[in-house]
Amino acid sequence: MRHPTATNQIGKVVSEAVVHSFQFALTGALNDWITTYAEVLYDPEQSFGAGTITALGRNLLDLRKGIVVFGDLNKYPIYAAVGKMDAPFGEMGSVNPFTNSTMWHAFAGLSYGAQVGFKTDAINAVFMAVQGGAQSGSLNTPVGDGTNVPSQVNNYVADVNYTTQINDDLNVKVGVSYMEGSAYCHDFPVTHFFPCKKSNPASTACGRVNFQDRLQVLAAYATTANEWPGTFNPTAPLNVFKASKVTSLELGAKYKINDNYAVSGEFSNFVAGPDGAPWHRQNQIIVGVDRSVGGSSKLFLELFKVDGYV
Numbered sequence: 497m498r499h500p501t502a503t504n505q506i507g508k509v510v511s512e513a514v515v516h517s518f519q520f521a522l523t524g525a526l527n528d529w530i531t532t533y534a535e536v537l538y539d540p541e542q543s544f545g546a547g548t549i550t551a552l553g554r555n556l557l558d559l560r561k562g563i564v565v566f567g568d569l570n571k572y573p574i575y576a577a578v579g580k581m582d583a584p585f586g587e588m589g590s591v592n593p594f595t596n597s598t599m600w601h602a603f604a605g606l607s608y609g610a611q612v613g614f615k616t617d618a619i620n621a622v623f624m625a626v627q628g629g630a631q632s633g634s635l636n637t638p639v640g641d642g643t644n645v646p647s648q649v650n651n652y653v654a655d656v657n658y659t660t661q662i663n664d665d666l667n668v669k670v671g672v673s674y675m676e677g678s679a680y681c682h683d684f685p686v687t688h689f690f691p692c693k694k695s696n697p698a699s700t701a702c703g704r705v706n707f708q709d710r711l712q713v714l715a716a717y718a719t720t721a722n723e724w725p726g727t728f729n730p731t732a733p734l735n736v737f738k739a740s741k742v743t744s745l746e747l748g749a750k751y752k753i754n755d756n757y758a759v760s761g762e763f764s765n766f767v768a769g770p771d772g773a774p775w776h777r778q779n780q781i782i783v784g785v786d787r788s789v790g791g792s793s794k795l796f797l798e799l800f801k802v803d804g805y806v
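If you count by this note's numbering, then the sequence shown holds residues 497 to 806, one letter each, in order.
Given below as structure tokens:
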């Protein structure tokens, strides 16, 4: 996901020849039931560090994920994990060759915590206890008066999904998830990663269909349980717009023309205000085509339109 900002781009027309990101991952099986995973990320284009993409603070390596997993699924369908990992909330994937969906931008969570899961070929159920405060992704719960220091494990995420093989050509996956503390809990004016007074839970339902390993259809919907307090602007004349819940919708499809070529299209949005509000919603439409090269590389072209503001 690209983040156009005043430190990345100036004016209405820009051009870039850059390294967007670089990732290196290492998995280590210490024995039959202990496995480690570490992922190092370099991402000057989307880093939250200060300065431009040439500043040192935005050119450092980041341990994006670091996990220790306990369990042997060959013997028992139960496992546990602890570390820094993605929150198991709904469908945060995309059919696009490169750009993430707005659903991902709105609700994907990356945090410290501990998971326990049950996994078979058909059922996957995961519960994650999450460190409180404002995490790296879309997670935030109060941990004390006026602080966001993650000194309590007081947030959690739960996900259950089911995959069924209808026939030799068709399989379907459906799931539901719940998040006790989403990112949408701040008062006005909104400042990301600041402490919140009260948690705002979120839930999602999603589905993915695969047909003959050629056609993939993805659908997901997520919403907060309560209005986001920060979506009420008390300044006249904007104070006529009431506070709103945050919702996101994703609809996408990808078709493999052959072993080398695939085309995709996706719509996703982020609704954070009532009809008529300047911050009502943001829509994203992506059309992409990609080509596999030698089984190890992918060349792609994306056309996309982002409309609106939140």
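Note that the Cβ used here is the ideal one computed from N, Cα and C, for glycine as well.
Rounded to the nearest angstrom, the Cβ distance from Val639 to Gln648 is 5 angstroms, consistent with a contact under 8 angstroms.
Shown here, Gly579 sits in a strand according to DSSP, grouped into three states. Secondary structure note for Phe614: its beta strand (DSSP E) is the uninterrupted segment 606-615.
About 14 angstroms separates the beta carbons of Ser678 and Ala654, which is beyond the 8 angstroms limit, so they are not a contact pair. The Cβ atoms of Glu535 and His516 lie no closer than 8 angstroms to each other. Within the same chain, Cβ atoms closer than 8 angstroms to the Cβ of Pro770 are found at Phe737, Lys738, Ser740, His776, the five residues on either side in sequence being excluded. In the three-state reduction of the DSSP assignment, Trp724 falls in the strand class. Asn651 counts as buried, since at least 16 other C-beta atoms from the protein chains shown sit within 10 angstroms of its C-beta. Per DSSP, the unbroken beta strand (DSSP E) holding Met675 starts and ends at 666-675. According to DSSP, residue pairing for Phe707 in a beta bridge involves Leu666, Leu711. Scanning its chain for C-beta atoms nearer than 6 angstroms, with the 5 sequence neighbours on each side dropped, one finds around Ile563 the residues Tyr533, Ala577, Gly579, Met581, in chain order. Looking at the DSSP output, Asp655 sits in a beta bridge with Val622, Ser673. Contact check for Gly633 against Val645 fails: the beta carbons are separated by 8 angstroms or more.
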